[in-house]
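Everything below concerns the one structure shown next.
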């Protein structure tokens, strides 16, 4: 190490651990003009004339036309040692303090590990990790923080609103929440205690958003959005809100399973109360024969007593007409044998027969006797009540009266012998209900 007078023009100023600010240069420039250059605070350079510490001072000297400056020359420094020296020299010079924003920018840009950075700064690894977390603050909000701190330093303010510690609680908040808190504190509209309290409320709000989504994700879009708005107001009890939202949903669209026959239970349904009927009545396709194949499970078409009678189409359609709302639709799965009787019954009941939809089963199974065509089609009678019914057009390709879909298999398959695929049910619901 040596101390000597060197020319400013010989300095390599490409290395710096923090940016040079105009207000910092102006402040030091004013001191030099009033007091002269203080030789007890020389700049620090490497033996290759790279400036390690004193960038603000050198810029001030250049502005004042001073071409020589006293310097301490350091030899044989590693990259880490150079950075460590730069920070320690900046902290001790007193003229233009290093802010937590400067430290944050250095830590974010430094390619070394947390341990390496801690060694450069003389910090603990936990402190370095806390500064790394500040990078989660949205750019728009961080710019307000950086500008506020910079202005405070320029004005030599004694009370700087922002510190690393006060920002820590907002790093995982939403960008809009961060911005509201940061801008209000920077403008003096809230105090530090209020900032901390509001940050905790926002943090709880995010937790409640997630809980509300888990508990009420099934409700209608309108009810869900109403709940989110109530959480945003910060005036709510999450338990009460979840309970009230589910109660409102149940009041509008409750699911009720009724165990009984159509003939016994349909009379309990109010006149004109149903928006959409989707049903698969039994239509006597069972028989007692069992097909026995070597090495395979027996194939039986005996579904149960519920399928061992003719379908009373007149009764079904008459009751449909009674319980359907104006504009309601109905879809009834059936066989080709019942299509014509269904059309006649619908017309007699004063309903509008709309179309016959064919469901083509892409995996109908193999023929056992091989004495006829394989039955791979099933039919859906579609009719409505009133002059105009709900009908959501899904596009040309989706609105053909021919649906290709496999018979239920895998995880979708239940024990029901004539189960209908969810894909078909969902599509018909989307078309004819809101």
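Numbering (our numbering), first residue to last: -8 to 425. Just so it is clear, CB atoms sit at the ideal spot from N, CA and C, and this is done for glycine as well.
**OP:** Thinking residue 416 and residue 372 are a contact (beta carbons under 8 Å), I'd like their distance in whole angstroms, please.
**Re:** Approximately 15 Å separates the beta-carbon atoms of residue 416 and residue 372; this is outside 8 Å, ruling out the contact.
Subject >> Three-state secondary structure (DSSP) of residue 417 >> reply: If DSSP states are grouped into helix, strand and coil, residue 417 belongs with the helices.
Original post:
How is residue 317 classed by DSSP in three states: helix, strand or coil?
Top reply: Looking at residue 317 - three-state DSSP - the assignment turns out to be strand.
Subject >> Terminal residues of the beta strand (DSSP E) in which residue 428 lies >> reply: Examination of residue 428 is not possible in this model, given that the chain is present from -8 through 425 alone.
Subject >> Length of the line joining the Cα atoms of residue 323 and residue 272 >> reply: Answer to the nearest angstrom: the Cα atoms are 7 Å apart.
Subject >> Residues that DSSP places opposite residue 324 in a beta bridge >> reply: Paired residues: 371.
Subject >> Beta-carbon gap between residue 24 and residue 52 smaller than 8 Å >> reply: Contact: no.
Subject >> For residue 351: DSSP bridge partner residues >> reply: Paired residue(s): 368 and 395.
Original post:
So, do the region 203 to 211 and the region 230 to 247 have three or more beta carbon pairs nearer to each other than 8 Å?
Top reply: The region 203 to 211, when compared against the region 230 to 247, does touch it at the 8 Å Cβ threshold.
Subject >> Helix, strand or coil at residue -4 [DSSP, three-state] >> reply: The answer is strand: DSSP assigns residue -4 an E or B state.
Subject >> Continuous beta strand (DSSP E) stretch holding residue 61: start and end >> reply: Counting along the chain, the beta strand (DSSP E) containing residue 61 begins and ends at 59 to 65.
Subject >> Inside the region 191 to 266 only - alpha helix (DSSP H) runs reaching at least 4 residues >> reply: Runs of the alpha helix (DSSP H) inside the region 191 to 266: 212 to 223, 229 to 243 and 253 to 256.
Subject >> Closest residue to residue 328 among 146, 304, 340 and 316 (Cα-Cα distance) >> reply: Residue 304 is the option with its Cα nearest to residue 328.
**OP:** Name, in chain order, the residues that DSSP records as bridge partners for residue 2.
**Re:** Under DSSP, residue 2 takes part in no beta bridge, so it has no partner.
**OP:** Consult DSSP for residue 35 and reduce its assignment to one of helix, strand or coil.
**Re:** In this structure, residue 35 counts as strand in the three-state DSSP scheme.
Original post:
Thinking just about the alpha-carbon of each residue, which of 36, 341 and 115 is nearest to the one in residue 63?
Top reply: Of 36, 341 and 115, the residue nearest in Cα terms is 36.
Original post:
When DSSP labels each residue in this structure, what does residue 76 get in the three-state scheme?
Top reply: Looking at residue 76 - three-state DSSP - the assignment turns out to be helix.
Original post:
Are residue 376 and residue 396 touching if we call contact CB-CB under 8 Å?
Top reply: Going by C-beta atoms, residue 376 is not nearer than 8 Å to residue 396.
Original post:
Which first and last residues belong to the beta strand (DSSP E) in which residue 164 is found?
Top reply: Premise fails: residue 164 is in no beta strand (DSSP E) and is neither H nor E.
Original post:
Grouping DSSP H, G and I as helix and E and B as strand, with all else coil, what is residue 344?
Top reply: Residue state, collapsed to three classes: strand.
Original post:
Can you list the beta strand (DSSP E) stretches of 3 or more residues lying completely in the region 85 to 134, in chain order?
Top reply: Segments of the beta strand (DSSP E) lying fully in the region 85 to 134: there are none.
**OP:** Check residue 330 in the structure and name its three-state DSSP category.
**Re:** Three-state result, residue 330: helix.
**OP:** Evaluate residue 359 with the Cβ neighbour count: other Cβ atoms within 10 Å of its Cβ, from every protein chain shown; 16 or more gives buried, anything less gives exposed.
**Re:** By the neighbour-count rule (16 or more Cβ atoms within 10 Å), residue 359 is not buried but exposed.
Subject >> For residue 42, the three-state DSSP class (helix, strand or coil) >> reply: Three-state result, residue 42: strand.
Subject >> Presumed contact (8 Å Cβ cut-off) between residue 95 and residue 122, rounded CB distance >> reply: Yes, they are in contact, since the Cβ atoms of residue 95 and residue 122 sit about 5 Å apart, within 8 Å.
Original post:
So, residue 214 versus residue 419, is the Cβ gap smaller than 8 Å?
Top reply: In this structure, the beta-carbon distance from residue 214 to residue 419 does not fall below 8 Å.
Subject >> Closest Cα partner of residue 314 within the set 166, 188, 253 and 199 >> reply: Residue 253 holds the alpha-carbon nearest to the alpha-carbon of residue 314 among 166, 188, 253 and 199.
Subject >> Distance, residue 194 Cα to residue 424 Cα >> reply: Rounded to the nearest angstrom, the two C-alpha atoms are 39 Å apart.
Original post:
Closest by CA to residue 263, which one among 355, 311 and 229?
Top reply: Nearest option by C-alpha distance: 311.
Original post:
Where does residue 302 sit, in a helix, a strand or coil, going by DSSP?
Top reply: Reduced to three states, the DSSP call for residue 302 is coil.
**OP:** Please determine, among 142, 168 and 173, the residue with the shortest C-alpha to C-alpha distance to residue 155.
**Re:** If we check each option's Cα against that of residue 155, 173 comes out closest.
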